[in-house]
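Here's the structure, in C-alpha cells; my notes come after.
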Amino acid sequence: MLLSSRTSNQKSGCTKTDRAYANPIKLCYAIMEQEQRKKLPGPSWTTPTRGSRDSKAYEAHLATMKEIVSQLRYLPVIEKYLHQYYSFKHNAVVPKPVVLHLLETLRTDLVSSGHILREKGERAELGNISEISETVLLSSSTEVVITPSLDLHGFFALFCGANLRVETIGLFYTMAARASFFLLIATRIRMAHLSKTCTLTLRLARDLAPQSTDVIIWLANENAQLRSFLEGDASLAVWRLVGDLATDLLALGLNREATYSPERTPFFLAECRRRCFATEYYLEKMFGLVFNLPPRITSQYVDVKLPLDLSDDELFAQTSEELEEAKSRLTEDGWNTDGKLRAATWARLRYILSQFREEIVEYHFQASQSADPVQLRELSSRCRQTWDNLLPHLRYSQDCWKSDMPLTNCYMHAKVHLAYLQIHFQIYHLLGEDSSSPLPELLDVSANILETVVQMGNSRSKGAFTFNDLPEILLSCGLPSAAVLSTALENITQDPSSILTPGIRTSAVIRNLSVLASQLESVASSRERNQAFCLQAAKAITDKLDKILDKFSTSKFQATSDVATSIDLSPMSVLTPYIDSSLAYGAGEIGAINLDHYENFDLMSWAIDFDLGNTASNWIMM
C-alpha cells in the first residue's frame, strides 16, 4: 500500500552488492560516497528534512511535490489516455506491460489506503495530499539498486506501491499529455494544464534522486518528445532536454555493453535499456541535424548490441521456457521472422540508420571543408547494401497504403524509409555543392522523397488519430526535395537540351509539387506551431510552379518517363520566420501572412541551408 510501512529494498530482492569499479577514480568516488553516508545516514544525505539546516529546501521540495500529487485528481482521464497511447504509438520506448502494471498498482494503492475519496466523471477527489506527498518525497530521495536476480515484480516494487516515486507519477502525466495531442482539440485543451506539470516532475526527480534511474530516463524521453511537439524541434529548450537525456544515459553506462551483462542486469531490463538507448541515439542525431550541431553521443564510445526483435509479451514471458522459445525464432542477428513490426523493430532500424547519419555529420564538422567524393560514395554504397540486406517485411513499399497493413504501421514504415533516403540526399547534396545543376542521383532521391511525403500527406484523412509530425515531415523532407526538383525543372525551361534523369516523369513531378503545396496549406491551421512557415513554403512552391508552367506552355518540351519511389527521415523541425503573433495564430489562409518578400528568392537555398547560429536573430523557433 502507498502509505503502509515502507518495505526495504531487501524485500524487493534488491540488496546492495559490492560493485566492481572500473578504475581508481570511480573507486575514490565510491569511498567518498560511503563516507558521506556514514555522516548523514538514510535518505537525509540527499534530501533535507524538517528541523535540519536545510529545512527551507525541504519545504520547497514538499510544496512542489504537493502541486504534482494534486494532479492525480485527473487519474481517470490519465488512465484512459495511457491505454489509447499504445493504440497508436507502435514505437514506444516504455513497454506497455510496465506502464499499465505501474498504473494499476497506483490506483489500487490510492483506493485501498483511502486517498481516493470518491470519483465523479473524469475526476477523483483526493484526501490528505500532504501525507502522500511526504511519502513520495522520501521514496524519490532513496537510491534504486538493480541486482541481476531482480524479477519484474521486484522492479515494479522499486518505483510504485510503498516506494512510489515522483518520476513514476511524471511518466504517467507526460505520456497522457502526449496521447491527448493525438486526439480531438477538446481533449487537448483539457490536458493543457497537465502538460505544464510534466517538466516540473522531471526537474524534481533529478533533484531528489542520488543517481539517474530507468524511469527518470523514460520520463526524460517522453518529456523531450512532448516539448518538441509543443515548441517545435528547433526549440533550444528541446535541445537542452536531449542533452540532459544523453547525460542520464551515459551516467548509467548504457553506452557500454558491459552494463547489460547478466552478472549486473536482469534480461528483461537489459533489453528495455537496449531499446531505449537505440531510440535515444537516433533522436540525438535527429535533433543534432536540426541545430547543425555535432552529436553528444558518438559511435566511438558505443559498443552496445541491438535490442532483440521481441514483442513486449515475449520479453515479459511468464516462464523462461517461453522466453527461450521466442528467442529461438529470431535470426542470428536478432530480427523476428514472423513479419510483424514491433517497438524493438523500429528501434533497431533507426539505430542502424543513425550510425550512417553520424558518418555524414563528420563531414560537416571536419577541419577541412572539402568532402572526399570517394568516401562519400562508399558511404552511400554501404548504406544501400545494408538496407537491401534487410528482410523484405522491414523495407517500405508503396503498396502498403493499399494493403490491409494498419495505417500507423504504413506511416512508421514511410518515416524510416525517409530517414534512409535522407542519408543519400545529404550525401549527393554534399557531392554536388560545386555543381551548377543537381546531380542525377540527387534528382532520383529527391523524386523518391517527394513521392513518399505526398503519400504520407494523403494518409492524413484516413486515420482515426492525427499524425502530429506531418507538418515537420512536409517541411523538412518535402520542401528540400521540392527545391531540388523545381530547380531542375527551371533549368529545363532555360536550356531545351537538358532533361530530367531517366525514370523521372516531368508531369508526375509537377503533380507532386502541386499536391505538396496543397498539403502545406491544409496542415497550416491556427493551432500549427509552424503555420507561417507552412503557408510561406506553399506560396513559394506555387509561385515557382506558376513560372515553370508558364515557360512550358510557350515552349516545346517533351516529358520523360516514370518516377521512382523511396526515402527516409524522421521529423525534423524547421526555423520559422518571425511574424507578428496576431498573424501566427490567425486563420489558416495564405492571405493572413505577409508573403511579399517571397516573390523573388532562392528556393533552393531557403529550403536546404538552415543555420541556427547565423539566423537566430531573424528567426523564431516555434
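One rule links them: number in our numbering = place in the sequence shown (from 1) + 426. Quick reminder that beta carbons are idealized off the backbone N, C-alpha and C, glycines included.
What does DSSP give as the partner residue(s) for residue i in the beta ladder?
{"i": "A550", "result": "E545"}
Are the beta-carbon atoms belonging to residue i and residue j less than 8 Å from one another?
{"i": "L856", "j": "I930", "result": "no"}
{"i": "F585", "j": "L695", "result": "no"}
{"i": "L756", "j": "D735", "result": "yes"}
{"i": "A631", "j": "G596", "result": "yes"}
{"i": "P733", "j": "A770", "result": "yes"}
{"i": "N681", "j": "V641", "result": "no"}
{"i": "N938", "j": "L876", "result": "yes"}
{"i": "L741", "j": "A845", "result": "no"}
{"i": "L767", "j": "H516", "result": "yes"}
{"i": "Y507", "j": "K522", "result": "no"}
{"i": "Q781", "j": "S725", "result": "yes"}
{"i": "R700", "j": "Y686", "result": "yes"}
{"i": "N917", "j": "S923", "result": "no"}
{"i": "A914", "j": "L901", "result": "no"}
{"i": "K492", "j": "S575", "result": "no"}
{"i": "I643", "j": "D670", "result": "no"}
{"i": "L628", "j": "I494", "result": "no"}
{"i": "V842", "j": "W772", "result": "yes"}
{"i": "V668", "j": "F713", "result": "yes"}
{"i": "D577", "j": "P692", "result": "yes"}
{"i": "L488", "j": "L563", "result": "yes"}
{"i": "E505", "j": "L543", "result": "no"}
{"i": "V503", "j": "E545", "result": "no"}
{"i": "T600", "j": "E648", "result": "yes"}
{"i": "V941", "j": "V880", "result": "yes"}
{"i": "L532", "j": "H541", "result": "no"}
Report yes or no: is there a C-beta of chain D within less than 8 Å of the C-beta of residue i?
{"i": "R821", "result": "Given the protein chain composition of this structure (a single chain), no chain D is represented."}
If I measure Cβ to Cβ from residue i and keep anything under 7 Å in the same chain, skipping five residues before and after, which residues do I get?
{"i": "S823", "result": "none"}
{"i": "E683", "result": "D729, V730 and K731"}
{"i": "I853", "result": "I786, L802, L805 and S806"}
{"i": "E461", "result": "At E461 the pLDDT is 47, less than 50, meaning the model places this residue with poor confidence; the figure from the coordinates comes in the next sentence. Same-chain partners within the cutoff: there are none."}
{"i": "H509", "result": "none"}
{"i": "L775", "result": "L820 and V842"}
{"i": "L946", "result": "L900, C960, A963 and A964"}
{"i": "S829", "result": "none"}
{"i": "A663", "result": "R653 and E657"}
Assuming residue i and residue j are in contact, meaning their beta carbons sit under 8 Å apart, how far apart are those beta carbons, in whole angstroms?
{"i": "L645", "j": "S567", "result": "Not confirmed; about 16 Å, so no contact."}
{"i": "A840", "j": "T878", "result": "5 Å"}
{"i": "T639", "j": "Q497", "result": "Actually they do not touch by this definition, with Cβ atoms about 21 Å apart."}
{"i": "A943", "j": "T968", "result": "5 Å"}
{"i": "L708", "j": "Y777", "result": "Note that residue 708 is Tyr in the sequence shown, not Leu. With a Cβ gap of about 6 Å, Y708 and Y777 count as contacting."}
{"i": "E569", "j": "Q637", "result": "7 Å"}
{"i": "F791", "j": "P864", "result": "Contact flag wrong, Cβ pair sits at about 24 Å."}
Can you find the residues in the same chain that come closer than 8 Å, C-beta to C-beta, to residue i, ignoring five residues on each side of it along the sequence?
{"i": "P1069", "result": "With the chain running from 427 to 1048 in the structure shown, residue 1069 is simply not present."}
{"i": "L1021", "result": "In this predicted model, L1021 has a pLDDT of only 40, less than 50, meaning its place in the structure is not dependable enough to derive any value."}
{"i": "A672", "result": "E706, E710, R722 and I723"}
{"i": "R808", "result": "F782"}
Among the residues of its own chain, which have a CB less than 6 Å from the CB of residue i, if the five just before and after it don't count?
{"i": "K973", "result": "none"}
{"i": "S872", "result": "S907, V910 and L911"}
{"i": "R591", "result": "S565, S566 and F585"}
{"i": "R604", "result": "L652"}
{"i": "L749", "result": "A743"}
{"i": "P467", "result": "Reliability fails at P467, whose pLDDT of 39 lies under 50, so the model's placement of it is uncertain and the value that follows must be treated cautiously. Taken in chain order, the list of residues that qualify is empty."}
{"i": "L995", "result": "Confidence in L995 is poor, its pLDDT being 29 and thus under 50, which makes the residue's placement unreliable; the coordinate value appears in the next sentence. Cβ within range, chain order: L844, A845, Q848 and C903."}
{"i": "C836", "result": "C826 and W827"}
{"i": "S737", "result": "R768"}
{"i": "A602", "result": "I504, Y507 and L508"}
Got a sec: does the ligand MG put a non-hydrogen atom nearer than 7 Å to the Cβ of residue i?
{"i": "Y512", "result": "Looking for the ligand MG in the displayed structure turns up nothing, as the structure carries no ligands at all."}
| query | Which runs of the beta strand (DSSP E) spanning at least 3 residues fall entirely within the region 825-880, listed in chain order? | reply | none
Secondary structure, alpha helix (DSSP H): runs of 4+ residues fully inside the region 718-754:
738-741 and 746-754
Counting only runs of 4+ residues fully inside the region 591-654, write out the alpha helix (DSSP H) ranges in chain order. 592-606 and 611-634
key: Runs of alpha helix (DSSP H) wholly within the region 759-784 (minimum 4 residues, chain order)   = none
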